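Engineer:
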Amino acid sequence: MNWYEKLNEYFPVEEMKSKEHMEMLLEEKGDVYYKDESPLHVMMYAEFETFIFIDYVWVSSKARGKGTGHKLIEKLKEKNKPIILEVEPVDYEDSDTEKRLHFYSREGFTHAQSIGYNRRSLATNEETPMEILYWSPNDDSEEVIYKQMKRMYQDIHTYKDKELYGKAYQSVDEVLVYDEDRDTADILQSLTPKEKV
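Take the sequence shown: its letter number 65 is residue 87 in the working numbering, and every next letter is one higher.
1) Between the stretch 171-182 and the stretch 51-65, do three or more beta carbon pairs fall short of 8 angstroms?
2) What residue does the alpha helix (DSSP H) around E96 start on, and which one ends it?
3) Tell me whether L47 sits in a helix, a strand or coil according to DSSP, three-state version.
4) Enumerate in chain order the residues of its own chain whose CB-to-CB distance from W220 is below 7 angstroms, with the five nearest sequence positions on each side excluded.
5) Using only CA atoms, which one of L144, Q170, H133 and I167 lies nearest to D208?
6) Could you pull out every residue in the same chain whose Cβ sits closer than 8 angstroms to the Cβ of E59, ignoring the five residues on either side in sequence?
7) List the residues that DSSP assigns as beta-bridge partners of M65.
8) For A145, which option in Q170, S193, K189 and H92 has the closest C-alpha, if you only look at C-alpha atoms?
9) Going by C-alpha distance, which of Q192, F70 and H124 is nearest R173?
10) With a Cβ-Cβ cutoff of 8 angstroms, do R204 and G138 count as a contact?
11) DSSP on L142, reduced to helix/strand/coil?
12) Compare the beta carbon distance of W157 and P215 with 8 angstroms and say whether it is the shorter of the two.
13) Could you give the residue range of the beta strand (DSSP E) that holds M152?
14) Could you check the C-alpha separation between E108 and I76 for me, to the nearest Å?
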């Protein structure tokens, strides 16, 4: 399987970019968008001057629990910039969602509770609410993280969307909302205690 097939098999269709979209990002935004790959992992990420956005991480089931994910995150942390990513809320039908949250919780990530993020998938036309997690070496505020997410959404997620998909994604202000009074529980606090996965 190539790197795209690995990601495509692991992530829900509504979260996947097309292969053409990712290849275009790697080629045309190669100074920002990167692929880190081995036979046992694939990580797609964007590195801007002030932050890093993890787009996708896949670790082979053969390598899970062996520190591969931890090493990938450590490599990004060494750059000393906030690291941001999107996660699905816990779905009790899909144990992977909880495992992912446990992993990021162990890696010291925080749930950005003031940031609402809900975009319509061009593939399924369904609303896909996601939560934002971040790690910051300098305790950046959620407002700073929100501004960085907006930049990433415009530069990466919606890059050439009309050309690639025949229609545009929603505007950034429809998708991302910053609200300090947003009524949402901390998804990392509500995890059931678990042994190391």
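For every residue, glycine included, the Cβ atom is placed at its ideal position computed from N, Cα and C.
Keep in mind that this is a model prediction, so the values were computed, not measured.
Structural biologist: In terms of the structure at hand:
1) yes
2) T90 to K99
3) helix
4) Nothing can be reported for residue 220, as the shown portion of the chain is limited to 23 through 219.
5) H133
6) W25 and M65
7) D58 and V79
8) K189
9) F70
10) yes
11) Checking the displayed sequence, the identity of residue 142 turns out to be Arg instead of Leu. Looking at R142 - three-state DSSP - the assignment turns out to be strand.
12) no
13) E149 to W157
14) 8 angstroms
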